[in-house]
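Written out below as structure tokens is the structure these notes cover.
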Amino acid sequence: MLLMKIISLEKERIHVDYTIDGIPDSVKNFQPDVYRDGDQYYLILGDNNEGGVFGCGFSLQEAMQEWDKAYQEKRS
Numbered sequence: 270m271l272l273m274k275i276i277s278l279e280k281e282r283i284h285v286d287y288t289i290d291g292i293p294d295s296v297k298n299f300q301p302d303v304y305r306d307g308d309q310y311y312l313i314l315g316d317n318n319e320g321g322v323f324g325c326g327f328s329l330q331e332a333m334q335e336w337d338k339a340y341q342e343k344r345s
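Numbering (the working numbering), first residue to last: 270 to 345.
Here it is, written out as structure tokens:
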């Protein structure tokens with residue numbers, strides 16, 4: 270079971286243009302919230318382990334790829 274990390278509300282929320290090329294289709298479709306904390310980016314959709322999806326990375330693209338991977342795992 271993948272555990273979601275607890276993130277405080279003090280992170281910087283990032284605006285993302287979900288129409289640009291290279292963004293995974295799942296990220297474009299669901300448009301999760303995006304936050305930045307220091308050198309890490311976080312994508313979050315939902316608010317719990319059962320229904321939520323979480324991804325993080327050292328770049329926005331890496332975080333999106335991790336979020337997509339977590340989404341695909343929840344689908345299967």
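Don't be surprised by glycine CBs; every beta carbon is placed ideally from N, CA and C. Note that the structure is a prediction, hence the values are computed from the model and not measured.
- Residue burial annotation: Asp337 is buried, with at least 16 other C-beta atoms found within 10 angstroms of its C-beta.
- In the displayed model, Glu319 falls within coil according to three-state DSSP, outside both helix and strand.
- The bridge partners DSSP lists for Val303 are Leu312.
- Separation of Val296 and Leu314 (C-alpha to C-alpha, rounded to the nearest whole angstrom) is 10 Å.
- The Cβ atoms of Gly324 and Met333 sit closer than 8 Å to each other.
- DSSP places Tyr287 outside any alpha helix (DSSP H), giving it a letter other than H or E.
- In this structure, Asp306 sits away from Arg282, with a CB-CB distance that is not shorter than 8 Å.
- Around the beta carbon of Ile292, a 10 Å sphere encloses 16 or more other beta carbons of the protein chains shown; the residue is thus reported as buried.
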